[in-house]
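Letter by letter, the sequence shown follows residues 1309 to 1605 in the numbering used here.
Below is one structure, written out as structure tokens; the observations come after it.
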Amino acid sequence: MALVDALEPVGAPDADAVLASTVALDSERAVDAVATLLRGKRAAVLTGAGLSTDSGIPDYRGEGAPIRTPMTFQTFVADERSRKRYWAGSHLGWRVFRQAEPNLGHRSLVHLENAGAIAGVITQNVDGLHTRAGSRHVVELHGSLDRVICLACGQAFGRDSIAARLETDNPVLRDPESIRIAPDGDADVGNIDDFVVPNCTVCGGMLKPNVVFFGELVPTETFLEASALIQGADALIVAGSSLAVNSGIRLVEQARRRKLPIIVINRGVTKGDGRALHKLEAGTSETLAALTERLLG
């Protein structure tokens, strides 16, 4: 399989009614301007970790996020102890991801897609919340934690079956004392020296969650699908992404070259701010909800 584009290192949800009422006056005016711009157009949407924070999943690149060293593909493959740590943390993180629910922002994008206002969603998130919310055209740029692949033979597995094996072989996972997760599903855990890593039941090869690690490459077909969405769109909305990795900023640059209007919704600076016609410095979920209300109301 051909590959493209190396990936660089880079509380509880509020009620919908609270989220929808928190857009400040200046943001309201900005949303009005964006709604006027988008009316009659079909936009592509690129989402990042900032969209899932209202589902209880932390944004590890947002303002105030702790500095952390992510697992690289090279380390995962070469170092057994690091691989054990990753699998332990990834399992705990996946359980939290699995319990998370789509928020107002995810549901707003479903309404926009159903109305024909957006062509589809390209997401950098691996939590699967867009699909669970009901979005039909979703390009998971960095994969999904719900799937596991064998690096040797390519066999794919559902995460549920791998999770059951992990908990059977590692009883400590059934009652973790503490869990600290990040958007890639990793977490800090205790002693893992005796941890049993699952292997492929087909060939005995090394298993890996089907997500793009730092230092790994985005599959060509995935990137081309995302690129096709940009190519067929009349505008691009970036929602909740700092655009700190190559895959995201390349798509924004594609939109800029096509002279598409680019709207960035994010708290904090992004690498796309200089390319944006409108930058909305506001929460992602409530802003998408406000925009949806104007476009469909």
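Every residue, glycine too, gets a C-beta built ideally from N, C-alpha and C.
Quick caveat, the model's predicted, so the values are computed rather than measured.
- For secondary structure counted as the alpha helix (DSSP H) over 4 or more consecutive residues, the stretch 1493-1543 holds these complete runs in sequence order: 1528-1539.
- Taken in chain order, the whole beta strand (DSSP E) runs of length 3 or more contained in the stretch 1447-1479 are 1451-1458, 1464-1466.
- For the pair A1352 and A1541, the CB atoms are nearer than the 9 Å cut-off.
- In the three-state scheme derived from DSSP, where H, G and I count as helix and E and B as strand, V1572 is classed as strand.
- The Cβ atoms of E1589 and R1575 lie closer than 9 Å to each other.
- Residue range 1426-1431 is occupied by the beta strand (DSSP E) that includes I1426, with no alpha helix (DSSP H) assigned at that position.
- K1587 sits in a strand when the DSSP states are folded into three classes.
- Annotation: the continuous beta strand (DSSP E) that includes L1354 extends over 1351-1355.
- Sequence-distant Cβ neighbours of E1533 in its own chain, meaning closer than 7 Å and more than five residues away, are V1447.
- For I1365, the three-state secondary structure derived from DSSP is coil.
- When the beta-carbon positions are compared, T1592 and L1437 stay at least 9 Å from each other.
- A residue is called buried once 16 or more other Cβ atoms fall within 10 Å of its Cβ, and N1411 is buried on that count.
- By DSSP's assignment, V1546 forms a beta bridge with L1354, V1572.
- Here the C-alpha atom of A1425 lies approximately 47 Å from the C-alpha atom of D1387.
- Burial check for T1476: the Cβ neighbour count within 10 Å stays below 16, so the residue is exposed.
- Around the beta carbon of Q1382, a 10 Å sphere encloses fewer than 16 other beta carbons of the protein chains shown; the residue is thus reported as exposed.
- By the Cβ test, the stretch 1571-1587 is in contact with the stretch 1543-1559, since at least three Cβ pairs between them sit closer than 8 Å.
- Counting of Cβ neighbours within 10 angstroms places Q1432 among the buried residues, the total reaching 16 or more.
- By the C-beta density criterion, L1604 is exposed, having fewer than 16 other C-beta atoms within 10 angstroms.
- A distance of 9 Å or more separates the beta carbons of W1395 and F1465.
- With contacts defined as CB atoms closer than 9 Å, R1467 and L1453 qualify as a contacting pair.
- Under the criterion of beta carbons closer than 8 Å, L1596 and I1571 do not qualify as touching, at roughly 11 Å.
- In this structure, V1480 and P1517 do not form a Cβ contact; the two beta carbons are roughly 19 Å apart against a cut-off of 8 Å.
- Beyond the five residues adjoining it in sequence on each side, A1536 comes within less than 8 Å, by CB distance, of no other residue in the same chain.
- Counting along the chain, the unbroken alpha helix (DSSP H) around E1561 starts and ends at 1554-1565.
- Beta-bridge partners of T1380 (DSSP): F1522.
- Between D1367 and G1413, the CB-CB gap reaches or exceeds 9 Å.
- Closest in alpha carbon position to R1482, among C1458, G1401, A1460, is G1401.
- Under a 10 Å Cβ-count criterion, N1478 is classified as buried, with 16 or more other Cβ atoms of the shown protein chains found around its own Cβ.
- For R1403, the secondary structure class from DSSP, reduced to helix, strand or coil, is helix.
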